[in-house]
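Working notes, beginning with the structure itself.
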Amino acid sequence: MKKDFANSGFARLFTWMAKAKYSMGILFVLYVVIYLFFGIVIKEINVSLNFFTAIQMLFTCLLIGIMQQILIPSDKISMLRCAVWITSGAVVTVLSELVFKWFSLFPAWCFPAFIVFMILGMLFMVLAFYLELHRETKSLNRNLEKFQKKQNPEII
Amino acid sequence: MKIRVEHGEFPENEIVLRCKELDEEMMEVLALLRERSAKIICFKDGETHFLLPGDILYAEAVDGRVFIYTSNAVYETHQSLSALLNNHEEVGMVRIGKAQLCNLYHVARLKSLPNSRIEITLKNNERLIASRHYAQNLKEMLGLLE
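Chains as they are written, first to last, in our numbering: chain U, 1 to 156; chain E, 1001 to 1146.
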């Protein structure tokens, strides 16, 4: 029997990965912008982002994106899960720095500052989840009011 | 639809519906009147009580027994939760958990929670939680999901 492609394991994995890639994209932009920003701030060194560093950063961000999908899928958001994701994201970034030495030419304060910016970026992503909950709460109450007005026998 | 209420010395309360044909609007009015007049038999302290479906705040099943909560008392009924829901869905009854029903007309506010759950605060400030599965059901009933 021919398997429906839309319901195939590959299609599901593809859509699951697509969601991870949104986070990967946001974090990658953050990584690159902050990395290059340090290059502007620090006049003593000439900073440019080479292809391999970009690929290393991309894979680090993909790993954080996948961890987000595993730890906080849209139907299992909680403060604890968000905290675990942010902590593990910071750990992955530190490990990547230890392996790839992205900041070896930079002053010592740069990498801690980079981590702080990265954590702030992730916090903003978590904030987006909670803003979404707030928005949903508003529409729930709006529709509840409509429902009660529309069908309440006492009002009829 | 024109609504007219006449006050006077009538032997009993009476509702007369006048229409050319029983259209959707009239059918809704009829359904509403039938639901409002159907009472639920329930028990408290060995006494039998008749409750209007609209008086139910929520109902829950505990150890195979079904309890009905109103603003001032808790009753037991022999009806199953499914029967309560099927017979009184039109008066705002909605399933919010495997063992809980809630009357939407007695809900003061709703709050979306992480993990796709919904916190329901009733008008008497009691709080219930709609589980992830039944939160979708609730959203559907409120017209948030097509």
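Each residue gets a CB set at the ideal place from its N, CA and C atoms; glycine is no exception.
**Prompt:** With 16 as the cutoff for other CB atoms within 10 Å, does U/I173 come out buried or exposed?
**Reply:** Residue 173 of chain U falls outside the range modelled here, since chain U spans only 1 to 156, and no answer is possible.
**U/L82 in three-state terms, based on DSSP** = The amino acid occupying residue 82 of chain U in the given sequence is Cys; Leu does not appear at that position. Note: U/C82 maps to helix in three-state DSSP.
**Request:** Using a Cβ-Cβ cut-off of less than 8 Å, list which residues of the region 1099-1110 of chain E approach chain U; keep chain order.
**Result:** Per Cβ criterion, the list reads L1104, Y1105, V1107, R1109, L1110.
**Asked** Who are the neighbours of E/L1142 on chain U, taking C-beta pairs under 7 Å?
**Response** Going along chain U in sequence order, the residues near E/L1142 (Cβ under 7 Å) are L140, N143, L144, F147.
**Prompt:** Which residues in chain U sit within 7 Å of E/G1115, going by Cβ to Cβ distance?
**Reply:** Here residue 1115 of chain E is Asn; the residue named in the question, Gly, does not match the sequence. Residues of chain U passing the Cβ test: D75, K76, I77, S78.
**Asked** At least one CB of chain E closer than 7 Å to the CB of U/L120: is that the case?
**Response** It does not; no Cβ of chain E falls within 7 Å.
**Asked** Which class does E/L1017 belong to by DSSP, given the choice of helix, strand or coil?
**Response** Looking at E/L1017 - three-state DSSP - the assignment turns out to be coil, as it is neither helix nor strand.
**Prompt:** Beta-carbon separation of U/F28 and U/L58 under 7 Å?
**Reply:** In contact: U/F28 and U/L58 (Cβ atoms closer than 7 Å).
**Asked** Does the Cβ of E/E1060 have 16 or more other Cβ atoms within 10 Å, making it buried, or fewer, making it exposed?
**Response** Looking at its Cβ environment, which holds 16 or more other Cβ atoms inside 10 Å, E/E1060 is buried.
**U/I45 vs U/F129 beta-carbon contact at 7 Å** = By the CB criterion at 7 Å, U/I45 and U/F129 fall outside the cutoff.
**Asked** In or out: U/G9 buried (at least 16 other Cβ within 10 Å) or exposed?
**Response** Classification for U/G9: exposed.
**Cβ distance (whole Å) where E/S1112 is taken to contact E/R1132 below 8 Å** = The beta carbons of E/S1112 and E/R1132 sit about 12 Å from each other, so the pair does not count as a contact at 8 Å.
**Request:** Would you verify that the beta carbon of E/S1071 is, or is not, closer than 7 Å to some beta carbon of chain U?
**Result:** Not flagged as an interface residue toward chain U: E/S1071, since no C-beta distance is shorter than 7 Å.
**Request:** Could you tell me whether the Cβ of U/L131 comes closer than 7 Å to any Cβ of chain E?
**Result:** Contacts with chain E at 7 Å (Cβ-Cβ) do not include U/L131.
**Asked** Listed in chain order, which residues of the region 1116-1132 of chain E have Cβ atoms closer than 8 Å to some Cβ of chain U?
**Response** For the region 1116-1132 of chain E, residues whose beta-carbon sits nearer than 8 Å to a beta-carbon of chain U comprise S1116, I1118, R1132.
**Message:** Give me the chain U residues within the contact set of E/S1082, using Cβ-Cβ distance strictly less than 7 Å, ordered along the chain.
**Reply:** In chain order: nothing, as chain U lies at least about 22 Å away.
**Message:** At the level of alpha carbons, what is the spacing between E/G1054 and E/E1119?
**Reply:** If you take the alpha carbons of E/G1054 and E/E1119, they lie about 21 Å apart.
**Message:** Just to confirm before moving on: does the CB-CB distance between E/A1130 and E/T1121 stay below 7 Å?
**Reply:** No, these two residues do not count as a Cβ contact at 7 Å.
**Request:** Could you name the residues of chain E that U/T137 contacts, counting a contact when the two beta carbons are closer than 8 Å?
**Result:** The contacting residues are L1110, K1111, S1112.
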